[in-house]
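**Student:** Count along the sequence shown starting at 1, add 50, and that's the number in the working numbering. Please read through the structure below; I'll follow up with questions.
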Amino acid sequence: MQEPAKDKGWDIISGSANYTDGEQKGLATLLTATGGGQMASVVLMTNSSQYQNELLGFINSLQLSKPSLNETTNINPATNNSSINSIVGLWVDYTIETSGYSNGFPTPSGGYFRKEYAFNSDGTYLFRMKNWAVFVKEIQYVYESGHWKLNGNKLTITPKQGKGGWWHKAKSNRTHEWGSMAKSGNWKLESVTYTVDLNYYIGGDGKKITLQSNAPTEREGIKDNNRIVLNARGSGESLIDNPPGFSTGVENKSAHTSAKPATQGNTINAPITGKIWQAQSLEKHGAAYGNMSGFHTGGFWLYQYKFNKDGTYHFVYNAASAVANNPVNVLQYETGTYAVNGSSVTITPASGANEEWSVGKINNGMSAETIRKVLETRVKRLKSTTRKLEKITYPFSVEYWQGNEANALCLKHTQDTQREGSPGQNDQSCFFETTAAKAEKFNSVLQ
């Protein structure tokens, strides 16, 4: 086994051993990564060294995203537009009523308790609550609307109007139907400043945030440590319906659509605009390289988006492997336009190409840094093919990642795309904000 290594919060162990299967002899290689309560393993078995470079290329193409932690972190959210964008949307606390336990598991009664916040990007919000309990005679419904403001990790909610009441259940006793109004209730309009954790949990079950107050509130009631956990409702579809003939006046406003257009004149105003977003992976030697295992080869995979204020963009994918028999520089690029609508961005390419370029010679005496420079220097275009131009609308988020010490733009997709390839952890591909001085330069290619 090789010495354990660490990468992006993962503990990685790799090793190889010879094996015999009858008259067949070969080499088995195992890589195991653990982190954040998760584990991933790759096993490769070969009986020939003929395709060793291809196998190493495959191993080095594997990318590990930073593991998510399903516990409270001490990350302080950013105080810029990235945090504001992170909270815009529908956040819910949906609980199923239970009537006891059977074989150690709670038994649903058919009732439910639902609360939700819809934070709109224009600074308004709608809070609604509906309780349909089997063991309570009437349905409770509450709504409240007003304004919200986020300053660092402090969220202030200031209501302007709201009311609640009790309704009879329908004669059918169906949980999605209403009877007549029974009585109105007293609802206190309460301005509260919460401590908000925008990074409480990001994982396979979706994102969660927490709101914590100094005392019990009218909206949350009595909670453990005065804290409520809210789940992102990615579809934006509420499970709370209004009583018959009842309207809050704001329930039809989309939480994902700003009252102010993202485009003002010919200028786009959005958290991704006017910035360069870049992601890269470094090629490493595999276990078969013995003491060199885990060290960088000089090969690389790089992705870059640049979103201009005039609504145009460019995308570049640039890669080269140092362990290939005949290394080439792969260059794929496209330009076009983009449009932002709340927390979605639509990318519409207009032109692009996929190319391969020759590079200089590399040898074993070179350092990884020198090899990288050789592989980055394109000498002669060997091939150019038509690029598939793919228009896609991505839900996106912009958040500060403490581990990378940078803002991250995460484009969500469940299918392979021409630009990002396969989706990463949590069905998204993430890129990190960088400066023009630090970003890779592709101006000569994109002219």
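We treat Cβ as the ideally placed atom computed from N, Cα and C, and that holds for glycine.
#1: Look up N519 in the DSSP assignment and say whether it is helix, strand or coil.
#2: Let me make sure I understand the geometry here. Which of E287, G160, L459 and V242 has the alpha-carbon closest to that of G139?
#3: Go through its chain and collect everything with a Cβ distance to Y175's Cβ below 8 Å, but skip five positions before and after it.
#4: Are A418 and G348 touching if we call contact CB-CB under 9 Å?
#5: Which residue or residues does DSSP assign as beta-bridge partners of K180?
#6: Taking just the CA atoms, how far does S136 sit from S234?
#7: Give me the residue from N236, W217, R283 and G202 with the minimum Cα distance to T245.
#8: Would you mind stating whether K180 and I290 have Cβ atoms separated by less than 9 Å?
#9: Span of the alpha helix (DSSP H) holding K423?
#10: Leaving out the 5 sequence neighbours to the left and right, which residues in its chain are closer than 6 Å to V387 when beta-carbon positions are compared?
#11: Please go through the same chain and pick out, in chain order, the residues whose beta-carbon is closer than 6 Å to the beta-carbon of A403, but skip the five residues on each side of it.
#12: With a CB to CB cut of under 7 Å and the five nearest residues on each side skipped, what residues in its chain are close to A489?
#13: Based on DSSP bridge pairs, tell me the residues matched to P399.
#14: Can you find at least 3 beta carbon pairs, one from the stretch 376-396 and one from the stretch 409-418, that sit closer than 8 Å?
#15: With respect to the beta strand (DSSP E) encompassing I207, which residues constitute its N-terminal and C-terminal limits?
#16: Return the CA-CA distance between L332 and L94, expressed in angstroms with no decimal places.
#17: Using a Cβ-Cβ cut-off of 7 Å (strictly less than) and excluding sequence neighbours within five positions of I318, which residues of its own chain qualify?
#18: Under DSSP, the beta strand (DSSP E) around N457 begins and ends at which residues?
#19: Looking at P473: is its Cβ nearer than 9 Å to the Cβ of G284?
#20: What span of residues does the beta strand (DSSP E) with G229 cover, start to end?
#21: Which residues share a DSSP beta bridge with N404?
#22: Please say whether R422 and W407 have beta carbons closer to each other than 9 Å?
#23: Which class does D172 belong to by DSSP, given the choice of helix, strand or coil?
#24: So, for E470: in the same chain, excluding its five sequence neighbours on each side, which residues have a beta-carbon less than 8 Å away from its beta-carbon?
#25: Taking just the CA atoms, how far does N457 sit from P293?
#26: For T467, I'd like the list of residues in its chain whose CB is within less than 7 Å of its CB, leaving aside the five on either flank, ordered along the chain.
#27: Following the continuous beta strand (DSSP E) through L289, name the residue where it begins and the one where it ends.
#28: Using CA atoms only, rank isn't needed, just tell me which of K238, E227 and A183 is closest to K210.
#29: Under DSSP, the beta strand (DSSP E) around P445 begins and ends at which residues?
**Tutor:** This is what the structure gives:
#1: Any property of residue 519 remains undetermined from this structure, which presents the chain solely from 51 to 497.
#2: Along the sequence shown, one-based indexing puts residue 139 at 89. Taking only the C-alpha atoms, the option nearest G139 is E287.
#3: Position 125 of the sequence shown, counted from the start, is the residue given in the question as residue 175. Same-chain partners within the cutoff: Y167, A168, F169, S195, G196, H197, W198 and I207.
#4: Reading the sequence shown from its first residue, position 368 is the one you call residue 418. Reading the sequence shown from its first residue, position 298 is the one you call residue 348. Closer than 9 Å, so yes.
#5: Working through the sequence shown from its first residue, we reach residue 180 at position 130. In DSSP, K180 forms a bridge with R164 and Y191.
#6: Reading the sequence shown from its first residue, position 184 is the one you call residue 234. Reading the sequence shown from its first residue, position 86 is the one you call residue 136. Roughly 35 Å separates the two Cα atoms.
#7: Along the sequence shown, one-based indexing puts residue 245 at 195. Sorting N236, W217, R283 and G202 by C-alpha distance to the C-alpha of T245 places G202 at the top.
#8: Indexing the sequence shown from 1 puts residue 180 at position 130. Indexing the sequence shown from 1 puts residue 290 at position 240. Yes, the Cβ-Cβ distance between K180 and I290 is below 9 Å.
#9: Looking up residue 423 in the sequence shown gives position 373. Note, K423: alpha helix (DSSP H), A418 to E426.
#10: For the purposes of this step, residue 387 is identified with residue 337 of the sequence shown, where counting begins at 1. A quick correction: the sequence has Thr, not Val, at residue 387. Excluding its 5 nearest sequence neighbours in each direction, T387 has C-beta neighbours in its own chain below 6 Å: G361, T362 and T398, listed in chain order.
#11: As a working mapping, residue 403 is identified with position 353 in the sequence shown. Excluding sequence neighbours, A403 sits near S434 and R437.
#12: Position 439 of the sequence shown, counted from the first residue, corresponds to residue 489. Here the set comprises I326, Q328 and Q354.
#13: Position 349 of the sequence shown, counted from the first residue, corresponds to residue 399. Paired residue(s): G386.
#14: yes
#15: Reading the sequence shown from its first residue, position 157 is the one you call residue 207. K204 to K219 is the extent of the beta strand (DSSP E) around I207.
#16: Translated into positions along the sequence shown, residue 332 becomes position 282. Translated into positions along the sequence shown, residue 94 becomes position 44. The alpha-carbon atoms of L332 and L94 are separated by roughly 21 Å.
#17: In the sequence shown, the residue the question calls residue 318 occupies position 268. A312, K359, G361 and V390.
#18: Position 407 of the sequence shown, counted from the first residue, corresponds to residue 457. From DSSP, the beta strand (DSSP E) with N457 extends over A456 to K462.
#19: As a working note, residue 473 is residue 423 in the sequence shown. As a working note, residue 284 is residue 234 in the sequence shown. No, these two residues do not count as a Cβ contact at 9 Å.
#20: Position 179 of the sequence shown holds residue 229. Its beta strand (DSSP E) spans residues W228 to G235.
#21: As a first step, residue 404 is located in the sequence shown; it is residue number 354 there, counting from the start. Looking at the DSSP assignment, N404 forms a beta bridge with Q382 and T435.
#22: Counting from 1 along the sequence shown, the entry for residue 407 is found at position 357. Counting from 1 along the sequence shown, the entry for residue 422 is found at position 372. No, they are not a contact pair.
#23: Counting from one through the sequence shown, the residue named residue 172 turns up at place 122. Coil.
#24: As a working note, residue 470 is residue 420 in the sequence shown. Excluding sequence neighbours, E470 sits near Y353, L461, H463 and S479.
#25: As a working mapping, residue 293 is identified with position 243 in the sequence shown. As a working mapping, residue 457 is identified with position 407 in the sequence shown. C-alpha separation (whole angstroms): 42 Å.
#26: Taking the first residue of the sequence shown as 1, we reach residue 467 at position 417. Cβ neighbours of T467 beyond the five flanking positions: E440 and I442.
#27: Translated into the one-based positions of the sequence shown, residue 289 becomes position 239. Neither: L289 is in no beta strand (DSSP E) and is coded neither H nor E.
#28: Counted from its first residue, the sequence shown places residue 210 at position 160. If we check each option's Cα against that of K210, K238 comes out closest.
#29: Working through the sequence shown from its first residue, we reach residue 445 at position 395. Looking at the DSSP string, the run of the beta strand (DSSP E) that includes P445 is I442 to W451.
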